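For reference, the structure is listed below as structure tokens.
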Amino acid sequence: IVPHVMGIILGTLSAISLTLNITVLVAILHARLLAAKHSPVYILSANLILSDAIQITLHLFFFAPAAYNQSFLLPESLKPQLMVVIDIIMLYAWYFQTLSHIFVALNRLAVVVFPQAAIFTRHRVIALTITQHFLSMAMSHVAQFELPCCRITFVPRVFTYSYLRKEAIYNYSAMVDLPLNSMATLTPLIAYSTV
Numbered sequence: 003i004v005p006h007v008m009g010i011i012l013g014t015l016s017a018i019s020l021t022l023n024i025t026v027l028v029a030i031l032h033a034r035l036l037a038a039k040h041s042p043v044y045i046l047s048a049n050l051i052l053s054d055a056i057q058i059t060l061h062l063f064f065f066a067p068a069a070y071n072q073s074f075l076l077p078e079s080l081k082p083q084l085m086v087v088i089d090i091i092m093l094y095a096w097y098f099q100t101l102s103h104i105f106v107a108l109n110r111l112a113v114v115v116f117p118q119a120a121i122f123t124r125h126r127v128i129a130l131t132i133t134q135h136f137l138s139m140a141m142s143h144v145a146q147f148e149l150p151c152c153r154i155t156f157v158p159r160v161f162t163y164s165y166l167r168k169e170a171i172y173n174y175s176a177m178v179d180l181p182l183n184s185m186a187t188l189t190p191l192i193a194y195s196t197v
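This is the structure:
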């Protein structure tokens, strides 16, 4: 019964979260907050919300049913290939969100502490966001495919993400994750403490 309850909870929370994210994105687009006359922080925010919506969609349609059934509902013949695609999309969104937390914190620091400096101009934010997409793609590709170990994936039986460990091989993916996660913790801590 625990897997069923966890699957229902994960699915319900994912559906609510996806609805809220889409509502906010629609509001941003409807109010034309991405236009040049508005703060570029809306560009950062909209991209963060979009990547969050991508990850929540994976949770709603793949991870919640997998948690419920304790197995992915994918055709067995395609399951390995589809899981690689799902995992790379999930990690791309994860890395994008992690980088977004860093950039939004730095943006808030610049706007509040250095209001006269035009650090986060519209053009710079657009360039930063495009770079962030490519960097997230590159980092997820390296972490999932280029390093000898270990790909990250969702594990239904424990309701979390985990590295697919290979015996006697060091988890080289931590070389990407640990520095990024550390920066995503320290940067907002320092930026918001300064603010």
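For the sequence shown, this note's numbering assigns the number 3 to the initial residue and increments by one for each residue that follows. Cβ coordinates follow ideal geometry from the N, Cα and C atoms, glycine included. What you are looking at is a predicted structure, and each value in this text was computed from that prediction instead of being measured.
Worksheet item: Is residue 53 closer than 7 Å to residue 120 when the C-beta atoms are compared?
Response: Here residue 120 is taken as the residue at index 118 of the sequence shown, counted from 1. Here residue 53 is taken as the residue at index 51 of the sequence shown, counted from 1. With contacts defined as CB atoms closer than 7 Å, residue 120 and residue 53 fail to qualify as a contacting pair.
Worksheet item: Under the criterion of a Cβ to heavy atom distance below 6 Å, does residue 197 qualify as lining the ligand SAM?
Response: Ligands in the displayed structure: none, and consequently the ligand SAM is not present.
Discussion item. Helix, strand or coil, according to DSSP, for residue 174 in the structure here?
Written reply: One-based indexing of the sequence shown puts residue 174 at position 172. Annotated three-state conformation of residue 174 is coil, per DSSP.
Worksheet entry | According to DSSP, residues forming a beta bridge with residue 165 | Walking along the sequence shown from the start, residue 165 turns up at place 163. According to DSSP, residue 165 bridges with 154.
Discussion item. One question on the structure: do residue 122 and residue 112 come within less than 7 Å of each other, judged by their Cβ atoms?
Written reply: By one-based count along the sequence shown, residue 122 stands at place 120. By one-based count along the sequence shown, residue 112 stands at place 110. In contact: residue 122 and residue 112 (Cβ atoms closer than 7 Å).
Practice prompt. Can you have a look at residue 65 and say buried or exposed, based on whether 16 or more other CB atoms are within 10 angstroms of its CB?
Written response: In the sequence shown, residue 65 corresponds to position 63, counting from 1. By the neighbour-count rule (16 or more Cβ atoms within 10 Å), residue 65 is buried.
Practice prompt. Run the CB neighbour count on residue 127, radius 10 Å, all protein chains shown included, and call it buried at 16 or more, exposed below.
Written response: Position 125 of the sequence shown, counting from 1, holds the residue named residue 127. Counting Cβ neighbours within 10 Å, residue 127 comes out buried, since at least 16 surround it.
Worksheet item: Under 7 Å, do residue 62 and residue 17 count as touching if we go by C-beta distance?
Response: Along the sequence shown, read from residue 1 onward, the residue named residue 62 stands at position 60. Along the sequence shown, read from residue 1 onward, the residue named residue 17 stands at position 15. For the pair residue 62 and residue 17, the CB atoms are nearer than the 7 Å cut-off.
Discussion item. Within 8 Å, do at least three Cβ pairs link the segment 167 to 174 to the segment 79 to 97?
Written reply: Fewer than three pairs of CB atoms, one per stretch, sit closer than 8 Å, so the segment 79 to 97 makes no contact with the segment 167 to 174.
Worksheet item: What is the DSSP secondary structure of residue 63, reduced to helix, strand or coil?
Response: Sequence index remark: in the sequence shown, residue 63 carries index 61 (1-based). Annotated three-state conformation of residue 63 is helix, per DSSP.
Fill in: Any alpha helix (DSSP H) of 4 or more consecutive residues that is wholly inside the segment 47 to 130
With a minimum length of 4 residues, the continuous alpha helix (DSSP H) runs that stay inside the segment 47 to 130 are 66 to 71, 81 to 115.
Worksheet item: Helix, strand or coil: which one does DSSP assign to residue 42?
Response: By one-based count along the sequence shown, residue 42 stands at place 40. Of the three classes helix, strand and coil, the one that applies to residue 42 here is coil, per DSSP.
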